[in-house]
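Visitor: In order, the protein sequences belong to chains A and B. Heads up: the first sequence begins at 1 in my numbering, then just goes up one per residue. Heads up: the second sequence begins at 1001 in my numbering, then just goes up one per residue. Backbone N, C-alpha and C fix where the C-beta goes; we use that ideal spot for every residue, glycine too.
There are 2 protein chains.
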Amino acid sequence: MPAPELRRAHGPAPVPPRRPRPTIDDVARLAGVSRGTVSRALNGGRNVRPAVLASVNDAIAALDYTVNQAARNLARGRTGSVAFVISERQEHLFEDPNWGVFVKTFSRELRPLGRHLLVTTAQDTSEEQLLGDYLTAGHVDGVLLALPYDDEPLLSRLVASRLPTVVLGRPLGWEAAFSWVMIDEEQSAFDIVTHLLGTGRTRIATVTGPLHTSSGKGRLDGYARALGPSFDPVLVAHGDWSMHSGRLGTEQILERGVEFDALFVGSDHMAIGAMQALREAGRSVPADVAVAGFDDSVAALMADPPLTTVHNPFEETAVEAVRILDELMAGRQASPLHVVLSTELVVRSSA
Amino acid sequence: MPAPELRRAHGPAPVPPRRPRPTIDDVARLAGVSRGTVSRALNGGRNVRPAVLASVNDAIAALDYTVNQAARNLARGRTGSVAFVISERQEHLFEDPNWGVFVKTFSRELRPLGRHLLVTTAQDTSEEQLLGDYLTAGHVDGVLLALPYDDEPLLSRLVASRLPTVVLGRPLGWEAAFSWVMIDEEQSAFDIVTHLLGTGRTRIATVTGPLHTSSGKGRLDGYARALGPSFDPVLVAHGDWSMHSGRLGTEQILERGVEFDALFVGSDHMAIGAMQALREAGRSVPADVAVAGFDDSVAALMADPPLTTVHNPFEETAVEAVRILDELMAGRQASPLHVVLSTELVVRSSA
DNA sequence: TCGACGTTTGGGACCGCTCCCAAGGCACGG
DNA sequence: CCGTGCCTTGGGAGCGGTCCCAAACGTCGA
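#1: Could you tell me the alpha carbon to alpha carbon distance between B:LEU1254 and A:GLY273, rounded to whole angstroms?
#2: Is there contact here, the stretch 1341 to 1348 of chain B with the stretch 1220 to 1236 of chain B, by at least three beta-carbon pairs under 8 Å?
#3: Are the C-beta of B:ARG1279 and some C-beta of chain A separated by less than 9 Å?
#4: Is any beta-carbon of chain B found at less than 9 Å from that of A:ARG157?
#5: Do B:THR1309 and B:ASP1261 have their beta-carbon atoms positioned less than 9 Å apart in this structure?
#6: Grab me the residues of B:LEU1042's own chain with a C-beta within less than 7 Å of its C-beta, minus the 5 sequence neighbours each way, in chain order.
#7: Pick helix, strand or coil for A:PHE102, following the three-state DSSP scheme.
#8: Excluding sequence positions up to five away, which residues of its chain have a Cβ less than 6 Å from the Cβ of A:SER161?
#9: Closest Cβ-Cβ distance between B:ASP1304 and chain A: below 9 Å?
#10: Is it true that the CB of B:GLY1080 sits closer than 9 Å to the CB of A:ALA70?
#11: Starting from the Cα of A:PHE264, find the closest Cα among A:ASN98, A:ASP326, A:THR194 and A:ASP58 and give me that residue.
#12: So which residues of chain A does B:THR1066 contact, with C-beta pairs closer than 9 Å?
#13: Contact criterion: CB-CB distance below 9 Å. Does B:GLN1276 meet it with respect to chain A?
#14: Beta carbon of A:GLY142, beta carbon of A:THR165: below 9 Å?
#15: Please determine, among A:SER350, A:PRO336 and A:ARG29, the residue with the shortest C-alpha to C-alpha distance to A:TRP180.
#16: Residue ranges of each beta strand (DSSP E) run of no fewer than 3 residues wholly in the stretch 1275 to 1300 of chain B, ordered along the chain?
#17: Going along the chain, which residues of the stretch 1044 to 1069 of chain B sit with their C-beta nearer than 8 Å to a C-beta in chain A?
#18: Could you say if the stretch 326 to 340 of chain A and the stretch 1024 to 1031 of chain B meet the contact criterion of at least three C-beta pairs nearer than 8 Å?
#19: Report the CB separation of A:MET243 from B:MET1302 in whole angstroms; it is logged as a contact under 8 Å.
#20: From A:ALA176 to B:LEU1063, what does the alpha carbon distance come to, in whole angstroms?
#21: Can you confirm whether the stretch 1098 to 1108 of chain B touches the stretch 1038 to 1054 of chain B when touching is taken to mean that 3 or more C-beta pairs between the two stretches lie within less than 8 Å?
#22: Could you give the distance in angstroms between the alpha-carbon of A:GLY77 and the alpha-carbon of A:HIS116?
#23: What's the C-alpha gap between A:ALA31 and A:PHE106?
#24: First and last residue of the alpha helix (DSSP H) that includes B:ALA1075?
#25: Short of 7 Å in beta carbon distance, which residues of its chain neighbour B:ARG1157, apart from the five on each side in sequence? Order them along the chain.
#26: Classify B:ALA1028 as helix, strand or coil using the three-state DSSP reduction.
#27: Cβ atoms of B:VAL1207 and B:GLY1266: under 9 Å apart, would you say?
#28: Would you grab the beta carbon distance between B:ALA1146 and B:VAL1085 for me? Rounded to a whole angstrom, and I think it's under 8 Å.
#29: Please return the same chain residues whose Cβ sits closer than 7 Å to the Cβ of B:LEU1325, not counting the five positions on each side in sequence.
#30: Check the C-beta distance from A:TYR149 over to A:HIS238 and give it rounded, since I have them as a contact under 8 Å.
#31: Whose CA, out of B:ALA1075, B:TYR1134, B:ARG1108 and B:PRO1112, lies closest to the CA of A:ARG111?
#32: Do you know how far the Cα of A:ARG203 is from the Cα of A:PRO286?
#33: Under the rule that 16 or more other beta-carbon atoms within 10 Å means buried, what is A:ARG49, buried or exposed?
#34: Are the Cβ atoms of B:PRO1222 and B:GLN1187 separated by less than 9 Å?
#35: Going by DSSP, what residue range makes up the alpha helix (DSSP H) through A:PHE314?
#36: Taking B:MET1243 as the query, report the chain A residues whose CB atoms sit under 8 Å from its CB, ordered along the chain.
This is the structure we're talking about:
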């Protein structure tokens, strides 16, 4: 039984009872028009005489009316929310403060669209199953998917469910099935490695991200193209984006006993680990080894010395993703859309 | 005009048309009961015969039915969502990866409650006004408020609107009006400074957070208590939680020309900046100056050497906050609830 | 002046669920 | 054997919007 209405005899500062929210009918009555007209006024005002539109807007202002999203969603047959899906295998994303930019930007861009952001994560494979159930059960109107691995089982379910989806990054092997927004990984990596060469470094090693991700693979490709024939596999190690793996990869290269005077790391975050390994091995940065990262996350500024890196336009990526998702959800666009954004080299003192 | 139904003659893998979602009536029909009974079964199953409950559940499983939240929300007269509010003045929060733990945990805890998480930020004061309008206009059922400053105008509006709210941290000056979840800042700071003293350090400086926040003030108080009569204002500087301010504060103390052999910094993030300043001044950590942070964020591991710090139970805080908010929203609890969580000292190599 | 046609407007029929009331069942005691 | 009261159950009345159809109203050309 809910708490009975409590009414204190001499409570401090008599709080006015919460007024029930005005409805569209209240507005209609005050403006002297019908419900239908108010509804039209609310939705763009097409086919409503300017004078009527004005009086409806006056009534709305007078009553402090705001539309009831639940009712609108029910009537429109949509849920009003969009899921931001991060599968646990990308848990490292949470370590990287930049992902917060996604949440912030999504939420900001979604609000004027009358949609909410649902942040969802799958702890493990069985939860990923549940997550798939949840998403395809019609609880959301669309999905924003963070950097999926190519074997993501979610991908096939999303395709089958025909749920509007935008992928952040390029879904390797599923490029044609999804809309996606990404940066030109290959070119960006090419640019920064070229910068390294331009400063006189000749033996450039790299610690890549996972090669089954578009970012990991693309950045390695750009590195390889910049080096051309002097590409040497002995200078290549692989990580999984985590800081720790950056350290391990660097240690592996060091153990091989080959000389190198520069290191391109697949992410700023891994670069922090890499620098720790270098320092422990007695190499100073940048004197002995120039280090370059990728992403321009706050980690790049935490590094000592601050990292030379590639600015990854996360915010722009998020804005584009929402724009595309809106097109998809509105049905204005049927076939997948692909956007490639450009990046910028940020030179600091590590290279 | 929406895209006309497209039906490719020989498309790859004929996609089945999206079936309309089953409704509660479909379930009722299949189970041979009425809508009302299904609704009861859906909501705890009270006053439903076990046999009937079972057949309803069978029907639900057979149809793959899931409740339509929009309809439920409309009928129940609630919005189904909860706002996580971060005002821009705490923008630095976004720099700190730990805040992602909040989003992740909130979303996970809210899901079984049938509620969504809305992440909202106010860019500036005028937007904060709009945010206040939005929140109090009945778009959300409750609010989770991140670490407000004591002069937060939002606070008074939230109190007036009687919107269920839980504050993360203690709202200085508004303790009695809100529910909140926090750690024992004072004791935690006391403990870590005592640890510093225990390692033989005698002159301990500090860079605090903003003193108009409960965390900034509480941590300074704990520092002062640990030092007792040897507390010396010349060893105290203030920051705003940002990495940069940690650097500035440390530089200020260094410029004063007083000697110190340990530094307690109000957050790991600021501690990174502090260590940069120390290093530039030629002091090594921990040989010349032991450094302790606060929060145990990933930044603590990025630091070189890794930071000794206080583990801040962000996840536990988030879980508690949602639990309390649920009580409030359900009306099971009318008066504000306060929870204080304990922390743990994490000793690494910086001190 | 009249008919055709485009623009506005009102209002009924939902959207899918919860809530509540009244009716039917059933066990139990007198 | 019947009345009483609790447990179950059905179904009507919303919740607050959108959408669509038909009626009312103009405008314009013949």
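Guide: Taking the definition as stated:
#1: 29 Å
#2: no
#3: yes
#4: no
#5: no
#6: VAL1067
#7: helix
#8: THR136
#9: yes
#10: yes
#11: A:THR194
#12: ASP133, TYR134, ALA137, GLY138 and HIS139
#13: yes
#14: yes
#15: A:PRO336
#16: 1290 to 1292
#17: ASP1064, THR1066, ASN1068 and GLN1069
#18: no
#19: 7 Å
#20: 32 Å
#21: no
#22: 15 Å
#23: 36 Å
#24: 1069 to 1076
#25: GLY1132 and THR1136
#26: helix
#27: yes
#28: 7 Å
#29: VAL1082, GLY1142, LEU1144, PRO1164 and VAL1166
#30: Not really, about 14 Å apart at Cβ, beyond 8 Å.
#31: B:TYR1134
#32: 14 Å
#33: exposed
#34: The sequence as given places Gly at residue 1222 of chain B; Pro does not occur at that position. Yes.
#35: 314 to 330
#36: VAL298, LEU301 and MET302
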